[in-house]
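First the structure, in the form of structure tokens, and then the observations on it.
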Amino acid sequence: MLDNKTILITGGTGSFGKQFVKTILARYQPKKVIIYSRDELKQYEMAQIFDAPQMRYFIGDVRDQPRLRQAMDGVDHVIHAAALKHVPVAEYNPIECIKTNIYGAENVIQAAIAAEVEQVIALSTDKAANPINLYGATKLASDKLFVAANNIVGARRTRFSVVRYGNVVGSRGSVIPFFQKLLKQGATELPITDERMTRFWITLQNGVDFVIRNFARMHGGEIFIPKIPSATILDLAKAIAPDLPLKIIGIRPGEKLHETMCPGDDSHLTLEFHDHFVIKPAISFTLQVDYQKNRLGEIGVPVSGGFEYSSGTNPEFLDVAAIRALIAQGREH
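Laid out in structure tokens, this is it:
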């Protein structure tokens, strides 16, 4: 599917971008893979690892639409991974989060349409569902922009979809490497925000595989959500440091006890497939699409009224042994 294609990843020096590049270079023969990001040091370091002849490294910011348009010339597929993602940082620097996550999303959309990119997938987050923090609110706005973009493409080929998933095992800024770092530093206790807290978890490789699969599935306008397990913060702490006592420090600014990926208010738009959910667009498009059957021929069924996919009520929970196995799996990649 990605053979002889040109792919651009915004924010491509992050955890997702590196794993995505590693995966597609191993599985496909892409024409070009363009890393678009603003940090020259991270690009330099990544280029030492990924120096295949297909690789291109573009310095640029998603806030800069002309540079995005230049970078997207001749591109077939775009993954929009660039974002300001740290919840407390966004609370203290709201306008910077808005500029990158909302204005940046609109710039990606306009550049992709102008360049007649074939497919765009924007990476979202569970925090975009029923958001209570600024980061989640900006990603909800971004999701809405990408969904609605399918209405403004006219006769051009560009289609936009969104992939939403939970915490990534081992990604920068996640609680797992934070706990592991404290352990290496000889910590005598682990800080826990709230012992009732739960989160969705996915490995980086599973996230990459899900995005690649959705390029083949998408009509345009869908929000794709994988079925993934939950874990409690207590079990997570026990899996990493079973002998350390815990210190309850309270919920951080803008943090939830549980995360939701399919809100109950969207249940009338939600379809369940064998390994994922799809939230259909709330608006009608000029191009009529049957979202119950994706482009791979997979069939989805409507969920019941009021259905909610939440980390707190998820039917699949990881125990301590399963968390350790998931962490080990994440390290393998």
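Numbers 32 to 364, taken from the numbering used here, label the letters of the sequence shown in order.
Backbone N, C-alpha and C define an ideal beta-carbon position, used for all residues, glycine too.
What you are looking at is a predicted structure, and each value in this text was computed from that prediction instead of being measured.
Problem - Pairwise C-alpha distance: Phe304 and Asn237 - result: In the sequence shown, residue 237 corresponds to position 206, counting from 1. In the sequence shown, residue 304 corresponds to position 273, counting from 1. Each residue's Cα considered, the two are about 17 Å apart.
Practice task
Kindly indicate the opening and closing residues of the beta strand (DSSP E) around Thr156.
Solution key: On the sequence shown, position 125 is the one that residue 156 refers to. Gln150 to Thr156 is the span of the beta strand (DSSP E), which, as asked, contains Thr156.
Practice task
Could you tell me which of Asp104, Thr224, Pro208 and His108 sits nearest to Ile282, measuring between CA atoms?
Solution key: Counting from one through the sequence shown, the residue named residue 282 turns up at place 251. Ile282 has its Cα closest to that of Thr224, out of Asp104, Thr224, Pro208 and His108.
Handout entry: Nearest-angstrom beta carbon gap, Asp34 and Gln60 [assumed within contact, 8 Å]
Key = Along the sequence shown, one-based indexing puts residue 60 at 29. Along the sequence shown, one-based indexing puts residue 34 at 3. Rounded, the Cβ-Cβ distance is 5 Å, consistent with contact.
Problem - Span separating the alpha-carbon of Lys311 from that of Ile254 - result: As a position in the sequence shown, residue 311 is number 280, starting the count at 1. As a position in the sequence shown, residue 254 is number 223, starting the count at 1. The straight-line gap separating the alpha-carbon atoms of Lys311 and Ile254 is approximately 7 Å.
Exercise for the section: Measure the alpha-carbon distance for Gly285 versus Gly167 and round it to whole angstroms. Expected result: Position 254 of the sequence shown holds residue 285. Position 136 of the sequence shown holds residue 167. Those two C-alpha atoms are separated by around 9 Å.
Practice task
Would you decide whether Thr301 is buried or exposed? Buried here means 16 or more other CB atoms lie within 10 Å of its CB.
Solution key: Counting from 1 along the sequence shown, the entry for residue 301 is found at position 270. Buried.
Exercise for the section: Going by CA-CA distance only, name the one from Gln85, His307 and Arg244 that's closest to Ile152. Expected result: As a first step, residue 152 must be located in the sequence shown, where it is residue number 121. Looking at the Cα atoms, Arg244 is the closest of the given residues.
Exercise for the section: Compute the distance between the beta-carbons of Leu277 and Thr229, then report whether it is under 9 Å. Expected result: As a working note, residue 277 is residue 246 in the sequence shown. As a working note, residue 229 is residue 198 in the sequence shown. Result no, Cβ atoms of Leu277 and Thr229 do not sit closer than 9 Å.
Exercise for the section: Please name the residue or residues paired with Leu235 in a DSSP beta bridge. Expected result: For the purposes of this step, residue 235 is taken as the residue at position 204 of the sequence shown. DSSP lists no partner for Leu235.
Problem - beta strand (DSSP E) runs wholly inside the segment 101 to 143, at least 3 long, in chain order - result: 108 to 111
Exercise for the section: Please list the segments of the beta strand (DSSP E) lying wholly inside the segment 285 to 354, counting only runs of 3 or more residues, in order along the chain. Expected result: 291 to 293, 301 to 303 and 307 to 310
Problem - the segment 202 to 214 touching the segment 158 to 173, judged by at least three CB pairs closer than 8 Å - result: Taking 8 Å as the limit for Cβ pairs, the verdict is that the segment 158 to 173 does not touch the segment 202 to 214.
Exercise for the section: Return the CA-CA distance between Gly43 and Lys73, expressed in angstroms with no decimal places. Expected result: Start at 1 with the first residue of the sequence shown, and residue 43 comes out as number 12. Start at 1 with the first residue of the sequence shown, and residue 73 comes out as number 42. Gly43 and Lys73: Cα-Cα distance of roughly 10 Å.
Exercise for the section: Determine the direct distance from the alpha carbon of Glu290 to that of Val199, and round the result to whole angstroms. Expected result: Here the question's residue 199 lines up with position 168 in the sequence shown. Here the question's residue 290 lines up with position 259 in the sequence shown. Cα to Cα, the separation comes out at about 14 Å.
Practice task
Mark His299 as exposed unless 16 or more other C-beta atoms lie within 10 angstroms of its C-beta, in which case mark it buried.
Solution key: Position 268 of the sequence shown, counted from the start, is the residue given in the question as residue 299. With fewer than 16 other Cβ atoms within 10 Å, it is exposed.
Exercise for the section: Taking all protein chains shown into account, decide if Ile140 is buried (16 or more other Cβ within 10 angstroms of its Cβ) or exposed. Expected result: Position 109 of the sequence shown, counting from 1, holds the residue named residue 140. Buried is the call here.
Problem - Gly185 beta carbon near the ligand SAM (any heavy atom closer than 8 Å) - result: Of ligands this structure carries none, so the ligand SAM is not represented either.
Practice task
Starting from Met77, trace the beta strand (DSSP E) both ways and give me its first and last residue.
Solution key: On the sequence shown, position 46 is the one that residue 77 refers to. Unbroken run through Met77 is the alpha helix (DSSP H), Glu71 to Ile80; no beta strand (DSSP E).
Handout entry: Inter-residue spacing [alpha-carbon to alpha-carbon] between Thr131 and Ala121
Key = Residue numbering aside, residue 131 sits at position 100 when the sequence shown is read from its first letter. Residue numbering aside, residue 121 sits at position 90 when the sequence shown is read from its first letter. Between Thr131 and Ala121, the C-alpha separation is close to 11 Å.
Practice task
Go to Val194, then tell me how far its beta strand (DSSP E) extends in each direction, as first and last residue.
Solution key: Mapped onto the sequence shown, residue 194 falls at position 163. That run of the beta strand (DSSP E) goes Arg190 to Tyr196.
Practice task
Decide if Ser341 is buried, meaning its Cβ has at least 16 other Cβ atoms within 10 Å, or exposed.
Solution key: Within the sequence shown, the letter at position 310 stands for residue 341. Under this definition Ser341 is a buried residue.
Exercise for the section: Indicate whether Pro257 and Ile279 have their beta-carbon atoms separated by less than 9 Å. Expected result: Counted from its first residue, the sequence shown places residue 257 at position 226. Counted from its first residue, the sequence shown places residue 279 at position 248. Against a cut-off of 9 Å, the Cβ pair of Ile279 and Pro257 comes out as no contact.
Exercise for the section: Count the CB pairs spanning the segment 318 to 338 and the segment 346 to 362 that are closer than 8 Å, and state whether there are at least three. Expected result: Judged by pairs of C-beta atoms under 8 Å, the segment 318 to 338 does not touch the segment 346 to 362, as fewer than three such pairs exist.
Handout entry: Cβ-Cβ separation, Met32 to Asp157 (assumed contact under 8 Å), whole Å
Key = In the sequence shown, counting from the first residue as 1, residue 157 sits at position 126. In the sequence shown, counting from the first residue as 1, residue 32 sits at position 1. Asp157 to Met32, Cβ: 27 Å. No contact.
Handout entry: Backbone secondary structure at Thr169 - three-state DSSP
Key = Counting from 1 along the sequence shown, the entry for residue 169 is found at position 138. Helix.
Exercise for the section: Reducing DSSP to helix, strand and coil, say where Thr54 ends up. Expected result: What you label residue 54 is simply residue 23 of the sequence shown in a count that begins at 1. Here Thr54 sits in helix by DSSP.
Exercise for the section: Could you check if Pro263 is buried or exposed, using at least 16 other CB atoms within 10 Å of its CB as the buried criterion? Expected result: Taking the first residue of the sequence shown as position 1, residue 263 is located at position 232. The sequence as given places Thr at residue 263; Pro does not occur at that position. Thr263 comes out buried.
Exercise for the section: Could you tell me which residues DSSP puts in a beta bridge with Ile223? Expected result: Stepping through the sequence shown from its first residue, residue 223 is reached at position 192. According to DSSP, Ile223 bridges with Ile279.
Practice task
Out of Ala57, Glu71 and Lys62, state which residue places its alpha-carbon closest to the alpha-carbon of Gly45.
Solution key: The residue you call residue 45 lines up with position 14 of the sequence shown. Each of Ala57, Glu71 and Lys62 was checked against the Cα of Gly45, and the nearest Cα belongs to Glu71.
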